[in-house]
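Asks: My structure is below; once you've seen it, I'll send some questions.
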Amino acid sequence: PGVPHNPRGVWVRGVKASANYWLGKIGDAQIGPFYLGSTGFASILCFIIAFEIVGLNMLASVNWNPLQFIRQLFWLALEPPAPQYGLRIPPLKDGGWHLMAGFFLTMSVLLWWVRTYNLARKLKMGTHTAWAFASAIFLFLVLGFIRPVLMGSWSEGVPFGIFAHLDWT
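According to the numbering used here, the sequence shown is numbered sequentially starting from 2.
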């Protein structure tokens with residue numbers, strides 16, 4: 002009953018780093034009981050970058066005051082570029098950060114999908130979860146990439162922020 006168990010796992014580890022303890026820690030694909038692999042690690046790294054971009058821009062918008070950041074968190078936002086830029090890449094302070102955060106967040110989501118699909122195939126399971134996740138990714142891409150491109154302006158994208166994205170809808 003169940004999935005056949007392979008004692009070597011779905012991914013055989015290479016030789017551990019011997020010159021440096023920390024390189025061995027960084028080089029491991031497994032963190033705790035969760036298997037990440039290279040796509041999982043890259044996905045988490047891209048998410049952290051996107052989260053930092055959004056968070057630091059929100060913190061900068063309240064003049065680096067942590068109390069105001071917490072107080073105004075629901076109202077803070079990283080807005081898309083102004084319509085005057087169209088589909089050009091704007092300066093960072095005028096919406097470039099939004100495009101950069103959107104790129105890293107999209108890469109994170111797509112890499113996590115690849116991880117989900119590959120794990121299902123390696124474990125000889127159905128890929129139903131990956132395809133269900135792909136439908137949500139399609140909506141994410143339509144709202145953040147396809148729609149702005151078809152309308153000719155990045156300003157049509159969804160802002161990053163709690164109330165800001167609710168106001169957008």
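We treat Cβ as the ideally placed atom computed from N, Cα and C, and that holds for glycine.
Considering only C-alpha positions, which residue in the set Phe146, Val63, Tyr86 and Tyr118 is nearest to Ala135?
Replies: Of the candidates Phe146, Val63, Tyr86 and Tyr118, the one whose C-alpha sits nearest the C-alpha of Ala135 is Tyr118.
Asks: Exposed or buried, Phe161, counting other C-beta atoms within 10 Å across all chains shown (16 or more means buried)?
Replies: Buried.
Asks: Can you tell me the Cα-Cα spacing of Gly153 and Gly145, whole angstroms?
Replies: Cα to Cα, the separation comes out at about 13 angstroms.
Asks: What three-state label does DSSP hand Leu57 in the structure shown?
Replies: Three-state result, Leu57: helix.
Asks: What residue range does the alpha helix (DSSP H) around Trp114 cover?
Replies: Residues Gly97 to Lys123.
Asks: Pull up the distance between the alpha-carbon of Leu112 and that of Leu142, whole angstroms please.
Replies: When rounded, the distance between both Cα atoms is 14 angstroms.
Asks: Could you check which residue in His99, Met126 and Ile50 has the C-alpha nearest to that of Pro81?
Replies: For the residues His99, Met126 and Ile50, the minimum Cα distance to Pro81 belongs to His99.
Asks: Rounded to whole angstroms, what is the Cα-Cα separation between Arg148 and Ile90?
Replies: The straight-line gap from Cα to Cα measures roughly 17 angstroms.
Asks: Around the C-beta of Thr40, are 16 or more other C-beta atoms found within 10 angstroms, so that it is buried, or is it exposed?
Replies: Thr40 should be labelled buried.
Asks: Rounded to the nearest angstrom, what separates Met126 and Ala61 at their Cα positions?
Replies: Cα to Cα, Met126 sits roughly 46 angstroms from Ala61.
Asks: Excluding the 5 residues preceding and the 5 following Asn58 in the sequence, name in chain order all residues of the same chain whose CB lies nearer than 7 angstroms to its CB.
Replies: Cβ within range, chain order: Leu79 and Trp98.
Asks: Got a sec, what are the start and stop residues for the alpha helix (DSSP H) Gln69 sits in?
Replies: Its alpha helix (DSSP H) spans residues Pro67 to Gln73.
Asks: For Arg116, does the count of other Cβ atoms within 10 angstroms reach 16, so buried, or fall short, so exposed?
Replies: Classification of Arg116: buried, given that the 10 Å Cβ count is 16 or more.
Asks: Spatial neighbours of Ile54 within its chain, please: C-beta separation below 8 angstroms, excluding the five flanking residues on both sides.
Replies: If we look at Ile54 and ignore the five residues flanking it on each side, its Cβ neighbours are Leu79, Trp98, Met101, Ala102 and Phe105.
Asks: Would you mind giving the Cβ-Cβ distance between Phe75 and Ile163, rounded to the nearest angstrom? I have them listed as a contact below 8 angstroms.
Replies: Right, their Cβ atoms sit about 5 angstroms apart.
Asks: Taking all protein chains shown into account, decide if Ala51 is buried (16 or more other Cβ within 10 angstroms of its Cβ) or exposed.
Replies: Ala51 should be labelled buried.
Asks: Counting only the same chain and skipping the five closest in sequence on each side, list residues whose C-beta sits under 7 angstroms from that of Ala43.
Replies: If we look at Ala43 and ignore the five residues flanking it on each side, its Cβ neighbours are Leu112.
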